[in-house]
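Below is one structure; the comments refer to it alone.
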Amino acid sequence: MSGQGLDETVVGASLDAPQVPGGADAWGAGSQEALGEPGSGAEPGPARGSEPRSGVGPVMELGAGPVTGPGAGPESERPAEREPEGGPESERRAEREPEGGPESERRAEREPEGGPESERRAEREPEGGPESERRAEREPEAGPESERRAEPESDAEPGLPARGLDPAAGDEALLNEPVAWRATAAAASTGSPLPDVPPPPSASPPGSPAKAANPGSRRRTSVDPVKALMHRHRELCERAVDALEIAAGLEAHGVTDRTAARFRHRDVFSLAEEMYARVPRDSDIEPESRHAVSGTPRGRRPVWAALALLPGTLGALTLVGLDFTGGRLRLAVGAGGVLAVSAALRAALRRGPLRATAHTGPAIRAWTCWLLAYALLGDGLLSAAVSGGPDEAWAPATAPLLALAFAVAPGAWCAQLFGAVARRRLASSRGLDEFVASVRPLLLAVFALFLCALWTLIGVAAAVLGQDAAYAGAGTLGALLLLARLLTAYGRTHAPAVVLGAATAAEALAVCTVFAGRLPGCGFLAVPVETAVDAWGPGTVPGLACGAAALTLLVHAARTLTRASAHAPTDTTP
Amino acid sequence: MRIGLLTEGGYPYVSGEARLWCDRLVRGLEQHEFDLYALSRSQDQEDRGWIELPPQVSRVRTAPMWTAADDGTGYGRRSRRRFADAYAELAAAVCTGASPDPTGLAGAPAHSAGAEADRFGNALYALAELARDEGGLVGALRSETAVRTLERACRAPGALRAARAARVPDLLAVAGQIERALRPLSLDWYGDDGLGSVDLCHATSGGPAALPGLVAHHFSGVPLLVTEYGVQLRAHYIATGDAELSAPVRAMLAAFHGGLAAETYRQAAIITPGNTHARRWQERCGADRAKLRTVHPGMEASRFAEIGEREEPGEPGTLVWVGRIEPSKDLISLLHAFAEIRKEEPKARLRLVGAPAEGPDAAAYLAHCKALAAQLFPDEAEGAHAMGDNPVSFEEIGGPETPDLADAYAAGSVVVLSSIVEGFPISLVEAMFCGRATVSTDAGAVVEVIGGTGLVVPPRNPRALAEACVSLLRDPGRRERLGAAARARALELFTVEQNITAFHGIYLEIVSHCPVRREPVDDAGDPLPFANPPEAHVPGRWTAPTSESGGGFGTWLAGRSASGGPPSWAGTEGEAAAPGGGAVGAGGGIGSGGGVGSGSAVGSGGGGQRPAGEQSQLAGAFPGGEGDA
């Protein structure tokens, strides 16, 4: 079906309506009149002529424009008979206008007097902008068509039913104007006069409750119908980013091309373009900084915060249990304690700020276990090895492990602090560089905070358990593990795996070289480690290995975790 | 021929959209081989499985749109450079607003808009090539490089006003959304065993579903057919209207999706909108009018055949409304109109058939409507001793009064539609199949569907609705005339058969005019010399002088509409058989669209393995006969 064919058939359908008393007749008359319009010269706009007109056009058009025509003609004597020709819509409007139509010619003079209409407009349409200012200047003398008709002609002929979109068509309409009025008036008078059926009180259109109360509303809409439409859809207009969005929104509200024709537009798109162009925009308006929702729901905070304390608590209980038991039971308690602590650790890391978003491979886990095992046994082994042993079982260093288990809690809290503050900075910063500049000190500060907490814990644990405080080994290990986990939590799994592996290898190598030095001819291998251990103690090896690794990860984290893309909200999959 | 059917959140899945239509299409065109390439929209959709597939579906490949695995490995330096360049192009196109042609004159886009579209397309294909070489884009599209590139583009001169105000969260959101939208680029569908091997890509919707088609067109020259029953760009606008996104994000995303739509329409060989409304949007977004063929959705007519052919005109004085009960149907207005009708026709009855839509709003609306009906129309009885009854009844399909849908229509003499918002009005088409006179409001595609075979009134105008209904209720002869005309129209335009026939014709038309040119290879993969007969390549120019290689469909169309004279090789018969450009009719103008094509060109696509029946059909499509190989 081409548009033209559609056009004809639809008009045919509306003409098909028989002359039934009671108003369907008025419908038919309206369409006849509409069909007659192009011939009469009152219908200059080629754009409107190409519109599919389903019998809707007449009804709406009469409300918009030519209804003023009959008012100038026979109407002045018989105002009551004006209704039938307009169909239901204009009937309702006519009733709302007690002053009647005869003044349509003099409307321009009446306009400046004020009256209910201008007052209403002043209070209902407060939006500013250059457009409305210009209109405000022009309106007193320009009359109803001031908005669309910026040409000087509009001053001369205020009551014109102008519909042409282009000025040329409008001029043509102006020239033909009296003829047009006569033609429409004649069309109206041929319509059979019908008894005035008052519209039911419920029949007012749902979209315009204010209209029914306001006697001047018909003229108000005819002055600037687009403005009324904009007012009705002002939220849509204000938030639209382009004309197509307004068009989509209007269509979702039931505005069709036929409706757009009432606003003297070819289609919804051109109507939307006008609306988009007329929306007052203040370029200085800052988009209000929306507070980004924190990744962790507030309500679940106590859960992970409490869980973070669990590994330390269980570790302490295990140590107490080990203290009070002996023999086989002691072994069972030890094994059970290790299992319990690792389970608690998993639970603590599965939720909260240290939750891994990406899949962590088995490598990271294996390296971490090795590093922890070394922290427990490595120092003793190394010192025994350097002094020629190991000859007997040495005491494991439980204090660093206990401190590390307790350090899960400050680690999680620091990570949470970092994430929350970074998200807030994200919401408030204007550029990526600004964000980086503000987050990098934050990361370092949070890291320093954690280090303080960790060293305190190490000191306390060593004091309580009566062991040496292995600040170098456990401190650097804790820092390394925190950074690795933080990077994992932000989806960077590659670097932690590599660096943890390197630290593990370094520690293993150190021990191996000591033992390898015992082989004949390989004594030189053990020299560096033995020298270091002799000079600074066995904590040197893990201190150096983990310290270098932690430093590497810190540099890496300071580069990657301070990027905005690291803090991008994870998209919620439907 | 082999057709790659591209869907997104659609066909093979049980909960997919438009699966019914795709299913009918695939079953109706059993002479073709279908490969399904489906993007799923959610885990839930995947879990619910597929519907049963007919045997002509030879292969199904699916990929999730809702998740993407970031492999975590970075690119090498050269790839990073390539990515940065391509993404910068894309970002520039997005931030300067590669919006569809603002003049609204499709077919004659402004020069700058054309350059902008080129820019967007080039960036897209550069990213696609990168994804093919590197195996994925997901990590890169989310990387800091991408975000920084976006920021630079936003701050560059000439950027959209809204984009200039973008803050860091906005940039992140845009980068995330673009990554989501470009996920199809990372798929491994484009090899010679995938979309490279099909003769035609049929995208069942625009947007993400068409993206694989675009890439396949770029890599392998596979022609692309885009069918849109609802315009994807419009759906995007509606969706972002609900979402809580800031203005810069919405502006940039609108520009991105606008650019994607424009590129899709530019590269598509043929675009088939489902109705005039979609067609207008497509023209607005830059679709060439010569490529547009409106193909109305098909509906099962057989279940209404009995009602439609029955002479009995339904209960006189009964109005029927059928649909899902929700506020956009404006039943309030209908009830008020019915109050008016009752003044004129006291015997009139109104039956509202339908269930409330999902959600609490719809249920509340139904309750409100029932209350209003009870308030407006008291129960009334025949005499002093009869039971009272309300003239307005609310029924559901499957109830005692209306066991099935056809009975609902059969019960009334006039079917009413009172919507204020409407897409493609299914209940109206069903009423037309049933041969019922209709009164409907002018919303959506109503006017286009009804043609002249029913009355149309403005929406939100109960009085006009009432007058139209009364005029029909009082005139049984007119009712019958309109009903018969409506049924004839519906049988002509809205049946499944017309839909399938139209697509059958369009497939042949596309394949005959822009066949995929492949180097024929043997089983070992070595090129086969002389596998294509020399006639496969038409000597001389087809139509107008063309600078593009491969004789694309677009150039063929342009040449056809521009040059008046016949092609150098075509006789006058062939030219006479060619229809006027851009025939809108669903049925007409499709089979004959191949009038200019040559049968020998068809042969080059697949060589000799086509079924014989298809060859004969192809030959039948060319009236001249001289083009037959």
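Protein sequences, first through last, are from chains A and B.
Just so you know, we're using the numbering used here here: the first sequence kicks off at 245 and counts up by one.
Just so you know, we're using the numbering used here here: the second sequence kicks off at 10 and counts up by one.
Every residue, glycine too, gets a C-beta built ideally from N, C-alpha and C.
Against chain B, the beta carbon of R478 of chain A has no neighbour under 7 Å; the closest one sits roughly 14 Å away. Within the stretch 150–166 of chain B, contact with chain A at the beta-carbon level (separation under 7 Å) is assigned to R151, S152, E153, V156, R157, E160. Distance from L233 of chain B to A278 of chain B at the Cβ level is roughly 6 Å; contact confirmed, criterion being Cβ atoms closer than 8 Å. Here P306 of chain B is buried, its C-beta having at least 16 other C-beta atoms within 10 Å. Rounded to the nearest angstrom, the gap between the Cα atoms of L798 of chain A and T720 of chain A is 12 Å.
Taking 8 Å as the cut-off, the beta carbon of A140 of chain B is found closer than this to the beta carbon of S195 of chain B. Residue environment for S229 of chain B: buried (at least 16 other C-beta atoms within 10 angstroms of its C-beta).
In summary, the residues of the stretch 495–514 of chain A whose CB is separated from some CB of chain B by less than 9 Å are E495, A496, H497, G498, T500, D501, R502, T503, R510, D511, V512, F513, S514, in the order they occur in the chain. In its chain, beyond the 5 residues on either side, G559, A705 have a beta carbon closer than 6 Å to the beta carbon of L646 of chain A.
The C-beta distance from S480 of chain B to V465 of chain B rounds to 13 Å, too long to meet the 8 Å contact threshold. Note that the stretch 303–318 of chain B touches the stretch 270–286 of chain B; at least 3 beta-carbon pairs, one per stretch, sit closer than 8 Å. Taking 8 Å as the threshold, the shortest C-beta distance from R483 of chain A to chain B falls below it. Listed along chain B, no residue sits closer than 9 Å to A741 of chain A by beta-carbon distance, the nearest being about 10 Å off. For A135 of chain B, same chain residues with a beta-carbon under 6 Å away, outside a window of 5 residues either side, are A95 in chain order. Ranked by Cα distance from P529 of chain B, the first of B:H522, B:P538, B:C523 is B:P538.
Beta bridge pairing from DSSP links M308 of chain B with B:T504. The residues V690, L693, F694, in chain order, have a CB closer than 7 Å to that of C658 of chain A in the same chain once the five nearest residues on each side in sequence are set aside. DSSP places E160 of chain B in the helix class (H, G or I) of the three-state scheme. Bridge pairing for F403 of chain B: B:L361 [DSSP]. From the beta-carbon of G493 of chain A, the residues of chain B found nearer than 8 Å are Y246, I247, G250. A residue is called buried once 16 or more other Cβ atoms fall within 10 Å of its Cβ, and R157 of chain B is buried on that count.
Contact with chain A is absent for P322 of chain B, since none of that chain's Cβ atoms lies less than 8 Å from the residue's Cβ. Per the C-alpha coordinates, the member of B:S49, B:P64, B:C294 positioned closest to G58 of chain B is B:S49. For A812 of chain A, the nearest CB of chain B lies under 8 Å from its own CB, placing it at the interface with that chain. Its Cα nearest to that of H211 of chain B, the residue B:A225 stands out among B:D202, B:A225, B:G200. Taking 4 residues as the minimum length, the alpha helix (DSSP H) runs contained wholly in the stretch 448–480 of chain B are 455–459, in order along the chain. Across the set A:T700, A:T612, A:A600, the C-alpha of A:T700 shows the shortest separation from the C-alpha of P654 of chain A. With contact defined as three or more Cβ pairs closer than 8 Å, the stretch 613–625 of chain A and the stretch 708–724 of chain A are in contact. G13 of chain B and P813 of chain A have their C-alpha atoms spaced approximately 36 Å apart. A distance of 8 Å or more separates the beta carbons of L688 of chain A and A794 of chain A. Between L805 of chain A and L725 of chain A the beta-carbon gap is near 16 Å, outside 8 Å, which marks them as no contact. A distance of 8 Å or more separates the beta carbons of E751 of chain A and V773 of chain A. Looking at the DSSP output, A446 of chain B shares a beta bridge with B:V423. By the rule that beta-carbons nearer than 8 Å mark a contact, P468 of chain B touches chain A. Each of A:C481, A:V547, A:T562, A:G717 was checked against the Cα of A747 of chain A, and the nearest Cα belongs to A:G717. Judged by DSSP secondary structure, L15 of chain B falls within the beta strand (DSSP E) whose first and last residues are 11–17.
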